[in-house]
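Which chain is which? The protein sequence lines are A and B, in order.
Residues in the first sequence are numbered from 5 upward in steps of one, following this note's numbering.
Residues in the second sequence are numbered from 44 upward in steps of one, following this note's numbering.
Shown next, in structure tokens, is the structure this report addresses.
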Amino acid sequence: MIEAVKQAINSFSSPVTIFSASLAMFALFVLFPRQITSPWCTVPILLLVLAFFAVGLTDEHFVKIVTAPDNVPIVAMIFIAGYFTWYAMRKACLNDARLERGEPTFEKTETDEKVLVFPYLIYIEFVVALVYAIGLVLWSILLKAPLEEPANPTVAPNPSKAPWYFLGLQEMLVYFDPWIAGVLFPTLIIIGLCAIPYIDRDPQPAGFYCYKQRRPMVIVFLFGYWILWILLILVGTFLRGPNWNFFGPFEVWDVHKVVPLVNVNLSDFIFIKGLGWGLPKQWFLREAPGILLCLLYFMVPTTVAAKTWLKKLVEKLGPVRYSVLMILLLSMLALPIKMYLRWAFNLKYIVAIPEFFFNI
Amino acid sequence: MPKENPTLYSVPKTTMWFAIVSLILLGSLIWTVYADYAREWKTWQRQFVRLKLEKARAELAQAEQGVDVKKLEELNRRHAEAQKSLAARRAEIRRLQKDLAKRDLELGKVRTRAQDLKQYEDSYKYYFEEYRLHRDPRAAEYEAKLGEVRAEAEKVKRELEGLEAAREIEARQADEYQAGEKELAIQIEELVKAKKTAAAKVKKLNPSLVTELLNAPMLDFIAPTLRIQQVVLEDLRDDYHFIQVQKVDRCTTCHLGIDQKGFEDAPQPFRTHPKPELFLSPSSPHPIEKVGCTVCHSGSGHAVSFTEAAHTPRNEEQMKEWQKKYRWRPMEKWDAKMLPLDHTEASCAKCHRNVVEVPQAERLNRGRRMAETYGCFGCHKIEGFENRWKVGPSLFNVQSKVKADWLTRWLADPKSFRASTRMPQIFHLSNASAPEEKKINDAAIEGIAAYLMKNSDAAELAEPPVPGDAGRGRKLVEETGCLGCHTVDGKGTSRFGPELSGLGSKTSAAWVFTWVKDPKHFSPDTRMPNLRLTDQEASDIAAYLVSLKNEAFEKTPPVRPEPAAVDWLVLENFKKTMRASEAEAELAKMSPEAKLQFVGKSSIAHQGCYACHDIKGFEEAKPIGTELSDHGRKDIHQLDFGLIHIEHTRHGWFFQKLKEPRIFDRGKVKAYYEKLRMPDFNFTDEEAGALVTFLLSLTREEIPLEMQRLLNLKEQAVESGRLLVSKFNCQGCHTLDGKTAEVRGFIEEAGNAPPVIDGEGAKVQQKWLHEFLRQPVTIRPWLTYRMPTFGFSDDHAKELVEYFSYLAGEDVSYRGLELPDVSLEKLGDGKMLFEKFQCVKCHKLDKASAMLGASFLAPDLVLSKARLQPDWVIEWLKDPQVLQEGTMMPTFFPDGSTPLPDVLGGDPQQQIEAIRDYLFRYAPDEDAPAETPPPAPVTPKS
């Protein structure tokens, strides 16, 4: 029975199914947050996750990967990040309901007073810091640092993995060139995070949890956080094995697994399969469709939206802030779009210029 | 200040939490200290202290028993008495001691004064010399001062000497009073010395508060008694991939008794090294301070825990035991894992290079010999072994020797013809067992046979000129020396040459006759020597050998391949370089015979047959095997374990490969030409194990020259001689270099066995030896075994002469012998002794001596002059047993005495010399057998 379940999970698992299922769950969550964060829904979900781990612990291979000292924090991350997301959303939904009923928010009912940070808050924080210190000490005693023998340059570990917090970036390398996945996107992430307070300057719903008033902002944030960051880290940690091949959670990591790689560039699609002309010799002719497509991707939605359903937003933000916002948002969306293009059409690069190592 | 708000904060509650958390933090801190303190090696060291304590207690008990109680009591009684009598004179003694003290005080004062004066003297001397040099007027002043101080010093010195003399007299007086008592005290001390030492040892080992404190956590940085032990090795390095680091072995942290006597039966890890005379002890060739542990055993020398030291279990069972006991796991990334105990000898070769055999490394030597015997070097290049030879017979004339049918049957299954053959099974192995593959194998076999038949010369065979007699032939085979290398029909033990049983099913009498008459006629490089057989002898041997048939083999059907399989093989080959359509067109053009020839040639190239055999068309072909020069360190990730579940270790893989070379193809989808092709030698577990040790010994690990066992020129010459000895199997017939002749295992009468030639270099003259090796002559005509003519080149003979000479500690000289002048009188005495001792009774061949039996026969002394070394004759006569244990030569001068006291003044040395001198001038009398020249090698009639 358990074997059958494991088999089913393994055969269901693939990058596209995992990603699509996660997107679907994410959509459910942002569409029905009140229902999902209610105990009636939360407890069964929690039980389901625990059941998954319980089943997993019967599997030798799963145990080996999940309990590896470098992977333990990532397991913890699932629960910690899940808890905080649940907590915020639950409060937000309850507050929304209260506001609808015309009642004050939770935060208002607690107290309106102001308290001195020192000594009251600092004292509590100090005790909490001590608790964390204990946690770290015990952790370091119980789970020894995975120090290994001196490195042998002729034997690279397989899979070679980045530190867990970079695994999301490493997963992006499957779909993008290093300069995008390793340089451009991280830079955009940092800039984007810095830009948030300048783009979203609405002071009105500050100081309490709420969802309805800030739905677009919360959705964008949670999408970036859960789908583009945590999910990719989880995939990179638990489902990517030797040679960065994809393995189901209960599949043995076989070094010799071979997966066909049959990806083609957009120019091949257009000039060889579509038009049947053969590839133009000059790279700018060959890649013109791809470059055009990229430009259109950033320009068309921005302008069309500005003229139609985001008219109000443009007025509110002004053209510069609006453009920055749109570029950031479209860049963010570019990742899943590229992933789906890869899965659906085996598309390798939209723009591929090996002449000077520029690939998108 | 706002008033307190319990929903936001509560100071007492926070304080309470603060208290709880602080306590837990303290606890975690204590745990940290403990986790850092509790180390595996400390447990072992504590156990070892207990073990030593037990031993010390046993020693103490023994020492206590060893004390003569009665004697001790008696001594004690006398001591007490002496003390009593001493007490009576206490006043006197005390007065003397007081005087002595006073004298000492006086002495001290004067001595100080003398030292002060010396200081002044030195200083004045310096100034005087300096001023005088610079013509300073103060020179005179200092000269005067110096004179004064010198006079004063002289005076004080005399005073001091007087005082010292007086003190000596007084002190002696005082001592005399106590002498008796002191003497007794010393005697008592002597008696209980062993006991006291043992007791002190026990006391030192007994647990005490001080040692506990010294070893306590947080205090153990001061001077702990439990500490990590290490040997820092000056000249050895650990390879950390990027950097070479000085080797530091900490193995002795737990293996505490490894270099100490008395722990031979202790439990591990405390046991003494099993071979202390060879390893670790300071007087051994491998002292621990210089060699350490991991250079031989491998493993991680820095580590101080069982797992991290990279211990390797001997077998699965031990692995399970270790996992349970020590939570052992393999150190995945540590390359130099400890060698399993039975492979440790592999490390010897790191330092003992360029030697044929490493002393005392039985298993390694065996592996090496096997690699040589089975011709591993043919397919696999190995540095340091390039001078090895092809082990199979030359196939340049194979069409004259065997028929194609025999060849195909043989190739299909060599063991069915000759179970003892070293020819491996090449076809029809596990990775070619499907019916289709069988057909392809058959096609390849047929192709090879066809190729060999066509591409070999027809040698001229001489039919035996006289009819042979199998009975006589059998006797000849058993008695002329064939059994030194071959076995036949259950006789003999040597596997050096091929077994001769069943030869009649393989070849013809004419071939055998021609071959034994002159093996070099067929293949100039053969190692088979010429026994100088007469036509009759050769015919008899041929008749006997061809009478031995292997009927079961003859009955096996010859291989008949399907044309389709031949076509398929041709096509597959063509496709390597051609397009499929071209290949098919090419194939269509070929005749069936051309196809077979092509298949034969490509199959020989694919299987690498030419690595062992000389084959026409493959004179320059490169061997097909992987180079093995660094296989002892081969990266495990580069070894293809396929789908076979065995332990992922080098030795595990090697062993599996040797036992079943094609096994790693099991379960894999592979094209015909991708498949593994190492043939199956059918090794036993033991043989495969020895070969694994040999393989593990192949490393390019750099050991500094000063740590290697370097050979001087003479030792190098000895080693090249050893290689020749092993190549031509001298030890098959002769006891030599510490190895007993193989034939002595089945020759019943020792006198019938070929001679022992240990020490031959000191015995015979180099010039004679050189000639003898090139062209042997009969020395011991009663022996049926013959020294064969090997046809050594001048160089080989020279190498062998050097080998024998240096092995016996002699220098090589071809100058020949210069006889010293001897007086006629002494020669006369020599002759007399010669006759008295009846030397010629044994050392001469006639009917009378033949009656004595082979063991009593000895070489004719006529040969001595040209053959023997004069010094050796002297040593030999003194005591033959020393030079050759068990010889029948009598000892005429037992223990340096002579039975004939009236000759030459009864001086045995003189007598021996006289005999020697006579011997070197001894001329054959009329009935001495004339020297028969050896028959010239027969060349068959053309």
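A virtual CB, placed ideally from N, CA and C, is assigned to each residue, including glycine.
Asked, Found
"Residue 85 of chain B to residue 167 of chain A span [Cα, whole Å]", "35 angstroms"
"For residue 603 of chain B, three-class secondary structure by DSSP", "coil"
"Burial state of residue 694 of chain B, where buried means 16 or more other Cβ atoms lie within 10 Å", "buried"
"Positions along the region 72-88 of chain B whose CB lies within less than 7 angstroms of some CB in chain A", "74, 75 and 78"
"Chain B within 7 angstroms of residue 213 of chain A, Cβ atoms only", "no"
"Top-ranked residue by Cα proximity to residue 668 of chain B, from B/100, B/264 and B/423", "B/423"
"Min CB distance residue 444 of chain B to chain A below 7 angstroms", "no"
"Cβ pair count under 8 angstroms reaching 3, the region 243-259 of chain A against the region 57-70 of chain A", "yes"
"In DSSP terms, what residue 289 of chain B is bridged to", "B/280"
"Residue span of the alpha helix (DSSP H) that contains residue 201 of chain A, given as start and end", "189-203"
"Proximity of residue 99 of chain A and residue 225 of chain A at Cβ, strictly below 7 angstroms", "no"
"CA-to-CA distance, residue 243 of chain B to residue 94 of chain B, given in whole angstroms", "16 angstroms"
"Same chain only: Cβ atoms within 8 angstroms of residue 213 of chain B, ignoring 5 sequence neighbours per side", "139, 142, 143 and 146"
"Three-way DSSP call (helix, strand, coil) for residue 534 of chain B in this model", "strand"
"Identity of the residues DSSP links to residue 274 of chain B by a beta bridge", "B/292"
"Beta-carbon gap between residue 61 of chain B and residue 299 of chain B smaller than 7 angstroms", "no"
"Near-chain B residues of the region 139-152 of chain A (beta-carbon distance less than 7 angstroms), N- to C-terminal order", "141, 142, 145 and 152"
"Between the CA atoms of residue 69 of chain A and residue 245 of chain A - distance to the nearest angstrom", "10 angstroms"
"Residues that residue 680 of chain B contacts on chain A, provided the C-beta gap is smaller than 7 angstroms", "159"
"Alpha carbon of residue 207 of chain B to alpha carbon of residue 136 of chain B, nearest angstrom", "20 angstroms"
"Cα-Cα separation, residue 287 of chain B to residue 280 of chain B", "6 angstroms"
"Proximal chain B residues relative to residue 98 of chain A, where beta-carbon distance stays under 7 angstroms", "Those do not exist, as residue 98 of chain A stays about 18 angstroms from chain B at its closest Cβ, beyond 7 angstroms."
"Inter-residue CB distance, residue 272 of chain B and residue 240 of chain B (contact presumed, cutoff 8 angstroms)", "The pair is not a contact, with the Cβ atoms about 24 angstroms apart (cut-off 8 angstroms)."
"Residue burial classification, residue 41 of chain A (beta-carbon count within 10 angstroms, cutoff 16)", "buried"
"Per DSSP, the bridge partner or partners of residue 779 of chain B", "B/782"
"Closest Cα partner of residue 994 of chain B within the set B/396, B/388, B/413 and B/337", "The requested residue 994 of chain B is not part of the displayed model; chain B covers only 44 to 985."
"Listed by chain order, chain B residues near residue 127 of chain A by CB distance under 9 angstroms", "52, 54, 57, 58 and 61"
"Where the alpha helix (DSSP H) containing residue 558 of chain B begins and where it ends", "552-560"
"Short Cβ contact (7 angstroms threshold) for residue 138 of chain A with residue 67 of chain B", "yes"
"Start and end residues, alpha helix (DSSP H) containing residue 52 of chain B", "Element bounds for residue 52 of chain B: n/a, residue is neither H nor E."
"Chain A contact residues for residue 67 of chain B, given Cβ-Cβ distances below 7 angstroms", "138"
"Spatial distance of residue 502 of chain B from residue 554 of chain B (CA atoms)", "9 angstroms"
"Segment contact flag, the region 336-352 of chain A with the region 9-27 of chain A, C-beta cutoff 8 angstroms, min 3 pairs", "yes"
"Separation of residue 203 of chain A from residue 217 of chain A, as counted between CA atoms", "16 angstroms"
"Three CB pairs or more closer than 8 angstroms across the region 823-841 of chain B and the region 947-965 of chain B", "no"
"heavy atom of the ligand PLP below 6 angstroms from residue 384 of chain B C-beta", "The ligand PLP is not part of this structure, which contains no ligands at all."
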